[in-house]
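Add 496 to a position in the sequence shown, counting from 1, and you land on the number used in our numbering.
For every residue, glycine included, the Cβ atom is placed at its ideal position computed from N, Cα and C.
In this text the structure is predicted, and so the values were computed from the model without any measurement.
Heads up, the thing below is written out as structure tokens.
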Amino acid sequence: MDLLDFGLKPLSAYLPKSVLDAVRRRSRRRSFKDHQAVHRRGDDEARLCIVAQGMVRFGRFQHDGSFKLLAMLGPGAHYGDVALQRQTFTQNVYAHGRTEIDVIEAAALETIVLDHPELAIALWRCNTARLNAVLELYDDARTLNVTARLAKVIYVHTGRGELPDGVACLQRDLAELLGVSKVAVGKAMRDLEKAGLIQSGYRQIIVPNKSKLKVWLRKSGAA
497 MDLLDFGLKP LSAYLPKSVL DAVRRRSRRR SFKDHQAVHR RGDDEARLCI VAQGMVRFGR
557 FQHDGSFKLL AMLGPGAHYG DVALQRQTFT QNVYAHGRTE IDVIEAAALE TIVLDHPELA
617 IALWRCNTAR LNAVLELYDD ARTLNVTARL AKVIYVHTGR GELPDGVACL QRDLAELLGV
677 SKVAVGKAMR DLEKAGLIQS GYRQIIVPNK SKLKVWLRKS GAA
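The structure is reproduced here in structure tokens:
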């Protein structure tokens, strides 16, 4: 299954190897099994976490007990900034497959930042990109229909994971990501297939012509 990270670069992409090595030396690596809880909403331990291997699913449990997926992050991505501000975790985090997390305690992080200011700059760049993505998602939810929003998510994630010309994912995950029902996503998928923009299969969506999809998004006001 592919990441659902809105096409954002992970923290590791902004850091030179020397800084990555320094972070690794100061961190404590923890291992998790598939579906194992990594963090729970309300946890308040101050630390920065970086995915070393595998993936993590972020989301919240609803009143009916269902888990609402918000994002999936992979190797090199970070989280835990909220806890560093002495605030509690706002999401539940679960391992997707065998996963390893590098945990950097608050005191150790302060030392690393003093020794390697590049880390602070990288965190700023990552979080700025995330804020822009969140604002764009919020705007899309207010102004675009489900078909356009789904098409945009597919376009952004195509070619970034297992499939060079598509996305490996479940319709359920896309529905949770968009905050709509599986029925709504199914209808949107059929609309995109009729337009010749995608081909849906078992656990995957193929995009025959990404340029054509981009043109469609522009005409729909989604790009």
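Residue i Cβ short of 7 Å to the ligand HEM heavy atom set
i, result
"C545", "By its list of ligands, the structure shown contains no ligand whatsoever, and the ligand HEM lies outside what it can speak to."
Beta-bridge pairing of residue i - partner residues as DSSP gives them
i, result
"M568", "L500 and R553"
"H653", "Partner(s): none; H653 has no beta bridge."
"G717", "Paired residue(s): none; G717 is not in a bridge."
"T584", "Its beta-bridge partners do not exist; DSSP assigns none."
"G662", "I702"
"I597", "R526 and V547"
"Q695", "I702"
"I559", "Note that residue 559 is His in the sequence shown here, rather than Ile. Answer is none; H559 lacks a bridge partner."
"K671", "First, the amino acid is wrong: residue 671 is Ala here, not Lys. For A671, which the question treats as bridged, DSSP gives no partner whatsoever."
"V589", "H535 and F554"
Residue i and residue j closer than 8 Å at C-beta
i, j, result
"S677", "A684", "no"
"R525", "Q587", "no"
"A602", "R543", "yes"
"D669", "L500", "yes"
"K715", "L693", "no"
"L646", "L688", "yes"
"L504", "A629", "yes"
"Q700", "L674", "no"
"D540", "T584", "yes"
"C545", "Y510", "no"
"G655", "A664", "no"
"A518", "D611", "yes"
"Q695", "G682", "no"
"L627", "L507", "no"
Supposed contact pair residue j and residue i - C-beta distance, whole angstroms, cut 8 Å
i, j, result
"V515", "E614", "5 Å"
"A625", "A718", "19 Å between Cβ atoms; not a contact."
"R522", "I617", "Going by Cβ atoms, the distance from R522 to I617 rounds to 18 Å, so no, they are not a contact pair."
"F563", "F557", "6 Å"
"V589", "H535", "4 Å"
- request: Please determine if the region 703-716 and the region 591-611 are in contact, where contact requires at least 3 C-beta pairs separated by less than 8 Å.
  value: These segments do not touch.
query: Taking three-plus beta-carbon pairs below 8 Å as touching, is the region 565-580 in contact with the region 546-556?
result: Three or more pairs of CB atoms, one per stretch, sit closer than 8 Å, so the region 565-580 contacts the region 546-556.
message: Please give me, in chain order, every unbroken run of the alpha helix (DSSP H) with length at least 4 that falls completely inside the region 599-647.
response: Runs found: 602-611 and 613-639.
message: List, from N- to C-terminal side, the alpha helix (DSSP H) runs of 4 residues or more that fit wholly inside the region 498-545.
response: Runs of the alpha helix (DSSP H) inside the region 498-545: 513-522.
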